[in-house]
Each structure stands twice: as C-alpha cells, then as structure tokens.
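This report refers to the structure that appears directly beneath it.
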Amino acid sequence: TFLSPPMVERTEIVGPIVLNLYGSTTATDVLWFASLLHIDAEGNETLLTRGWLRGSQRQTDPGRSKPWQPYHLHGKREPLTPGEIYEFNIEVRPNGVLLKPGERIGLRVKCVDDERPANSLHSIGSGHLWRQKTSRVTIYHNADYPSHLLLPVTDGNIIETYMSGGKLTSDFYPYRNYSWSV
C-alpha cells in the first residue's frame, strides 16, 4: 500500500481517477487491481473505489481517451512479452471524498482480486478474476517509468499549498515522490 502524506488542510477529491502504471511480468498476461483507500488519522482504512485492467487488453483509443479517462478498446488480447516494460492506464471508478487534516489517501495495487468488499455495492466489482499461473510482477517508478496516480483534487491541498510545494510541477501527483516496490 502506498500512502500520501497526511493532509494539512481540508481536502476534497471528486471525479475520475486514473492510475498510470509501468510494469513487467514473467508471464504473457497480468491482472492489475487498484484500490483507493481513505485512511483516517488513527490509521483505519476504508475502501473508496477500485479499478482493474487485464494487461493483454491495455490498448487504448487515443482519439477517445482523455488524461483522466482512458478508453480501452478490448477488441482483442495482445499478449505481453515476458520481461518487457509496458505502460498500463488503469481507470479507477470515479469517487468523492472529503479528507480532514491528518487523514491520508492510500493506494493498494495487487495482481489478484481478493479485496474483501465492504458492502454489497462494492461486491459487484470484486472476486471475479483470478490468474491460474503464478508469475513475478514488477512495478517501476523512476524518471524513465513515472508511475503515478491522477487524483481530481477540487478543493484544498492544491497549488501554493503543501502537496504542490507552492508551485505547479510534474511532482504534483501525491504518489510520485514515494518509493514503489512490490
């Protein structure tokens, strides 16, 4: 699980969310599951929303895709070459949350769909996909492979506040400066 720093002011996140992830696998396919978490000041987690993508169906339509909403074609599977690094644009279902000072956003990335649903609504998108073969998966996060989460911050922690360091830069994404490891 990757964590943002604690919020220093009331922060509102509302809208579409995308995880742009660079990864490789020892197999010809991979399943990605991304869970966005609200973590209160005491460290308690609440699942906010999820997104998922089969690696072999990563192809997007550039004409229909937006930075905040990739449009996947899903017309045919394109097997992965084991060991090759690919970019995966994973749409996470839109959500809204109001974070208080001291609270955090968490991002959990898995290759298995085993998140326990918090309620019947969350169970609609859970427990459906499983890989039959084991494989090694690597997530990359560096200057050449800048994995990042695009969050729609609509109020608080925006330009000239804590998260952006007082200026608009490519480091504005909350997870960009944190160590990514599996």
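Residue 1008 is where the sequence shown starts when you use this note's numbering, and the numbers rise one by one after that.
Heads up, the beta-carbon is just placed ideally off N, CA and C, and yes, glycines get one too.
Model, not experiment: these values are computed from the prediction.
Assuming P1209 and V1021 form a contact by the criterion Cβ under 8 angstroms, report the distance between their Cβ atoms to the nearest whole angstrom. Nothing can be reported for residue 1209, as the shown portion of the chain is limited to 1008 through 1189.
Straight-line CA distance for Y1078 to L1060? 12 angstroms
CA-CA distance, V1025 and R1057? 10 angstroms
Ignoring anything shorter than 3 residues, give me the beta strand (DSSP E) runs that lie fully in the region 1016 to 1104, in order along the chain. 1018 to 1032, 1038 to 1046 and 1052 to 1061
Should A1041 go down as buried or exposed, given a rule of 16 or more other Cβ atoms within 10 Å for buried? buried
Leaving out the 5 sequence neighbours to the left and right, which residues in its chain are closer than 6 angstroms to T1053 when beta-carbon positions are compared? H1045
Cα-Cα separation, M1217 to G1082: Any answer about residue 1217 is impossible in this case: the structure gives the chain only from 1008 up to 1189.
Where does P1153 sit, in a helix, a strand or coil, going by DSSP? strand
Confirm, please, whether the CB-CB distance from G1062 to F1009 is below 8 angstroms. no
Does the separation of the CB atoms of P1197 and T1032 fall below 8 angstroms? Residue 1197 cannot be examined here, being either before or after the span of the chain that is shown, 1008 to 1189.
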